[in-house]
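Colleague: Residue numbers (my numbering): 49 to 648.
Backbone N, C-alpha and C define an ideal beta-carbon position, used for all residues, glycine too.
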Amino acid sequence: MKVLDRTIRIGDKPQIVGETAGFKSSLNQVSNEDNVAIYELELASDNPTELSELIVQWRLPCTNIKGEWSTGALYEKRLRADWELASVVSRVSVNAPVLTLFGHEDENIVTIACSDVVNTLELMAPVREEDNFIYCQLTFFTEKMPLTTSYKTQIRVDQRMFHFSECIDDVGKWWAGFENLKPAIVPAAAKVPMYSTWYSYHQNFTPAQLLQECRQAKKLGYEGIIVDDGWQTLDGGRGYDYTGDWNPDRITETRQFVKTIQAMDMKCMFWYSVPFCGKKSKAYQQFKGKFLTEGHPWAPVFDPRYPEVRTYLIEKYASALIDWDLDGFKLDFIDDFKTYPETELTKANGRDYASVDEGVYRLMSDVMTELKKIKPDVLIEFRQKYIGPAMRRFGNMFRAFDCPNDSVGNRMRTTDVKMLCGNTAVHSDMITWHQTETVETAALQLTNVLFAVPQLSVRLEETSEDHQQMIAFYTKYWQKNKAILMDGDFVPYNPLANYPILSASDDEKIIFGVYEEMVVELDADFGKIDLVNGKMSEQIAFEFLEDYGKCKVKIYDCMGNLDWKGKLKFGEGLHALEVPPNGMIRIRKKTKSTKLRIVN
49 MKVLDRTIRI GDKPQIVGET AGFKSSLNQV SNEDNVAIYE LELASDNPTE
99 LSELIVQWRL PCTNIKGEWS TGALYEKRLR ADWELASVVS RVSVNAPVLT
149 LFGHEDENIV TIACSDVVNT LELMAPVREE DNFIYCQLTF FTEKMPLTTS
199 YKTQIRVDQR MFHFSECIDD VGKWWAGFEN LKPAIVPAAA KVPMYSTWYS
249 YHQNFTPAQL LQECRQAKKL GYEGIIVDDG WQTLDGGRGY DYTGDWNPDR
299 ITETRQFVKT IQAMDMKCMF WYSVPFCGKK SKAYQQFKGK FLTEGHPWAP
349 VFDPRYPEVR TYLIEKYASA LIDWDLDGFK LDFIDDFKTY PETELTKANG
399 RDYASVDEGV YRLMSDVMTE LKKIKPDVLI EFRQKYIGPA MRRFGNMFRA
449 FDCPNDSVGN RMRTTDVKML CGNTAVHSDM ITWHQTETVE TAALQLTNVL
499 FAVPQLSVRL EETSEDHQQM IAFYTKYWQK NKAILMDGDF VPYNPLANYP
549 ILSASDDEKI IFGVYEEMVV ELDADFGKID LVNGKMSEQI AFEFLEDYGK
599 CKVKIYDCMG NLDWKGKLKF GEGLHALEVP PNGMIRIRKK TKSTKLRIVN
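#1: So if DSSP puts A552 in a beta bridge, which residue, or which two residues, is it bridged to?
#2: Taking buried to mean at least 16 other C-beta atoms within 10 Å of its own C-beta, is D276 buried or exposed?
#3: With 16 as the cutoff for other CB atoms within 10 Å, does Q503 come out buried or exposed?
#4: Indicate the three-state DSSP secondary structure (helix, strand or coil) for S649 in the structure shown.
#5: Quick check: A500 and H475, are their CB atoms within less than 8 Å of each other?
#6: Within 10 Å of its beta-carbon, does G285 have 16 or more other beta-carbons around it, so buried, or fewer, so exposed?
#7: Measuring CB to CB, does L268 end up less than 8 Å from A520?
#8: Would you identify the three-state DSSP class for I588, choosing helix, strand or coil?
#9: Just checking: is the beta-carbon of C316 within a distance shorter than 8 Å of some beta-carbon in chain C?
#10: Could you give the distance in angstroms between the alpha-carbon of A134 and the alpha-carbon of N167?
#11: Check whether the segment 511–528 and the segment 602–621 are in contact - that is, three or more C-beta pairs closer than 8 Å.
#12: Residues in the same chain with beta-carbon distance under 8 Å from T68, minus the five sequence neighbours each way, listed in chain order, please.
#13: Excluding sequence positions up to five away, which residues of its chain have a Cβ less than 7 Å from the Cβ of V234?
#14: With DSSP collapsed to three states, give me the class of D384.
#15: Nearest-angstrom Cα distance between Y541 and A265?
#16: According to the Cβ coordinates, are A438 and V627 closer than 8 Å?
#17: Checking the sheet assignment: what are the DSSP bridge partners for K378?
#18: Leaving out five residues before and five after M209 in sequence, what residues of the same chain have Cβ atoms less than 6 Å from its Cβ?
#19: Indicate whether the contact test is met: 3 or more Cβ pairs, each with one atom in the segment 187–194 and one in the segment 392–407, closer than 8 Å.
#20: Taking only the alpha-carbon atoms, compute the straight-line gap between V158 and R461 and give it to the nearest angstrom.
#21: Identify which residue in G59, R410, T119 has its Cα closest to the Cα of K433.
#22: Please report the residue range of the beta strand (DSSP E) in which W223 lies.
#23: Here's the rule: buried if 16 or more other CB atoms are within 10 angstroms of the residue's CB, otherwise exposed. What is T116?
#24: Can you tell which of G66, E301, N112 has the C-alpha that lies nearest to the C-alpha of S74?
#25: Tell me the DSSP secondary structure of K466 in three-state form.
#26: Using C-beta distances below 7 Å, list every residue in its chain close to N648, excluding the 5 sequence neighbours before and after it, in chain order.
#27: Using the beta-carbon count (16 or more within 10 Å), is K643 buried or exposed?
#28: To which residues of the same chain is P296 closer than 7 Å at the C-beta, ignoring the five residues directly before and after it?
#29: Quick check on DSSP: helix, strand or coil for I4?
#30: Given that a residue counts as buried once 16 or more other Cβ atoms are within 10 Å of its Cβ, and exposed if not, what is R431?
#31: Relative to the C-alpha of T480, which residue among H250, Q202, A366, A531 is closest?
#32: Can you tell which of P255, I588, Q333 has its C-alpha closest to the C-alpha of D293?
#33: Quick one: what does DSSP say Y434 is sitting in, helix, strand or coil?
#34: Work out the CA separation of W319 and K331 for me, nearest whole Å.
#35: Taking Y409 as part of the alpha helix (DSSP H), name the residues at either end of that continuous run.
#36: Run the CB neighbour count on H152, radius 10 Å, all protein chains shown included, and call it buried at 16 or more, exposed below.
Rendered as C-alpha cells:
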C-alpha cells in the first residue's frame with residue numbers, strides 16, 4: 049500500500065489522486081438517488097499499455113463512527129488509522145470489494161463498493177489523526193496487470209442512515225444487477241442440514257463407517273453428507289500429494305456408495321481441492337509447466353489460463369456427476385488461484401488469458417455451465433474467503449471459514465457471510481466438540497449458528513444419548529423455522545461486540561439468539577416470540593415498552609425437555625425469566641408485528 053502525501057488536498061467527492069501514465073482518465077458521477085451516489089471510473093489508451101497503481105480518494109468528517117465492517121474483518125471491526133494496511137483486499141476468489149463504517153446505534157455512516165469484483169482491489173476508510181477526517185480510498189492495480197487499452201468500473205457510495213446490514217444487503221443486490229454477476233439458482237437442497245466427514249474423520253474412514261453415520265444423522269434431521277478429503281487417497285497424512293487424479297481409492301464402489309446414501313433420502317457431495325495437483329499424481333507429469341507455481345507449500349497450483357487445464361478439471365467434475373450420480377461438490381481452495389512471483393502475466397505458450405483472475409472466472413463459469421447441463425440443481429459449496437459477488441454466480445452454498453469448536457467464531461463468520469450473500473445459502477463451519485463436553489456447552493455450537501444451515505461433524509456412533517437428543521432438538525427446531533431463519537428479516541446487532549444478539553422475523557414471529565448478558569427491548573408485539581439462550585447463564589432479560597398482556601410461556605432446556613410452562617402477564621417495563629443454559633423461551637400471543645431495538 050502506498051502512503052499518500054498528507055499535503056495533497058482531498059475533497060469531499062471521489063477524485064483520482066496522482067498520475068495515470070499512458071491513459072486518459074475520468075471519474076464522473078452518473079447517478080445520485082436517496083443519498084446513494086454512483087461514480088464511473090474510465091481509462092483509455094491508444095495503444096496497449098500497462099495499468100499502474102491508481103488511487104481514488106475522498107474524505108468525510110469522522111463523526112459518530114464506532115467501527116468498520118468488511119468481509120474479512122472478523123474480530124477487527126474497529127476504526128482504523130491511516131498508517132495501517134488496507135482493510136480489504138479483494139479479487140475474484142477472495143473477499144468482496146465492499147466496506148462499511150457504522151455508527152454507535154448500528155446505523156450506516158458510509159458504505160463503499162466497487163463493481164470490479166474480478167481484479168485485485170484495496171479498500172480502506174481510516175481516520176487521519178492530524179484532522180479527524182475519514183479518508184476513503186480505493187487502490188486499483190496493486191498487482192501487475194496485463195497490457196490493455198481500456199478499463200471501466202463503477203464505485204457506489206451509500207450514506208443513508210439505515211441499519212448498516214441493510215446497506216450491505218443492498219450492495220449485494222446492486223452487484224446482482226450486473227449481467228456478469230447474476231447469482232446462481234439456489235435449489236432447496238442447498239438449505240438442508242448436512243453431515244460433514246472432515247472434523248469427525250479427516251482422511252481416515254471406511255465407506256461402512258460413513259453409511260452408518262448417515263443412518264444416524266438422518267434420524268437427527270440431517271439430509272445430506274459432504275464426503276471431504278480422503279475419498280480420493282489411502283494416504284492419511286493430511287497432505288495434498290495425491291490431489292489431481294481424483295480416483296476413488298478409498299471408496300472404490302463409488303456409485304453403489306452414493307446410491308445407498310440417496311436411498312436414505314439424503315444428498316451426497318464430494319470434496320475437491322480445485323487448484324492443487326500433487327507431485328505424486330499422474331496429472332502432475334501430464335501438466336508439467338502449466339502451473340501458476342510449484343513452490344506452494346502444499347502442492348503445485350494449476351494455471352487456469354490454459355484451455356487444456358480447464359478442460360481437464362471440468363471433465364473430472366462432469367464424469368463424477370455422471371458416473372457416480374453425485375448431488376454436488378465442495379470445491380475448495382479456490383483462493384489459491386492467484387499471481388505468484390514466478391507467474392507470467394502474458395498470453396503466451398498456449399495460455400488464452402494473461403490475467404490469472406480472468407482465467408479463474410472463465411474456469412468457474414465453464415465448470416458451472418457444464419455441470420448444469422448434466423444436473424441443473426447441482427450443489428456447489430464455496431468457503432470463506434471466496435464468497436464474493438463473482439462466486440455467487442457459480443456457487444449456491446457459502447460456508448464459514450474453518451473454526452473448529454469455536455462457537456463465537458462460527459457465529460461471527462456466518463453472520464458476516466449472511467449479510468452479503470442474498471438468497472445464497474449460508475452454512476456454518478462444521479460443528480464439532482470433544483466427546484466429554486457437557487451437553488449444555490456442546491449446545492453452544494448449535495445455538496450460535498442458528499441463523500445459518502448447520503453442518504455437523506462429530507462421530508455420532510461415539511456420541512452420548514444426551515448429545516444426540518440435543519442435536520435432534522435444535523436441528524428439528526431449525527427445520528421447522530427454516531423459512532424465518534434463512535429468509536426472514538435478519539438483523540445483526542452491535543458488530544463491534546461480536547454480534548451479541550441476532551434476530552430473524554416474518555410478519556407473525558420473531559426469533560432471537562441471545563449470546564451475552566443484554567436486554568432485548570421490544571417496541572411493540574409479535575404474536576410469537578422465541579428467545580434462544582445461546583450462553584451458559586440461566587436468565588434472559590427483556591423489556592416491553594408497552595403493555596403486552598397475558599400470554600402462554602414455555603421454557604425448554606437444550607435437549608428440548610420442557611422445563612416450565614404457564615401463563616404470564618407482561619406489562620410495560622423490564623422482565624427476566626430463568627432459562628437453562630442454551631435453552632429456549634417460547635412466548636405466544638396473537639398480536640400485530642413490531643419493530644425492535646436492542647439496549648446495549
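Modeller: The structure says:
#1: F538, I559
#2: buried
#3: buried
#4: Residue 649 is absent from the structure shown; the chain starts at 49 and stops at 648.
#5: yes
#6: exposed
#7: yes
#8: strand
#9: In summary, chain C is missing from the structure at hand, where a single protein chain is found.
#10: 16 Å
#11: yes
#12: L91, S100, L102
#13: N444, N471, T472, A473
#14: helix
#15: 33 Å
#16: no
#17: W319, E429
#18: E155
#19: yes
#20: 22 Å
#21: T119
#22: From DSSP, W223 is part of no beta strand (DSSP E) but of the alpha helix (DSSP H) over 212–224.
#23: At residue 116 the sequence reads Glu, which differs from the Thr that was named. Classification for E116: buried.
#24: G66
#25: helix
#26: In this prediction, N648 has a pLDDT of 41, which is less than 50 and means its spatial position is unreliable; what the coordinates show is noted afterwards. Within the same chain, N648 has close Cβ partners N542, M566.
#27: Caution is warranted here: a pLDDT of 48 is assigned to K643, below 50, making its placement in the model unreliable, and no coordinate value can be reported.
#28: W279, Q280, T302
#29: This structure leaves residue 4 out entirely; the chain is present only between 49 and 648.
#30: buried
#31: H250
#32: Q333
#33: coil
#34: First, the amino acid is wrong: residue 331 is Ala here, not Lys. Whole-angstrom Cα-Cα distance: 18 Å.
#35: 404–422
#36: exposed
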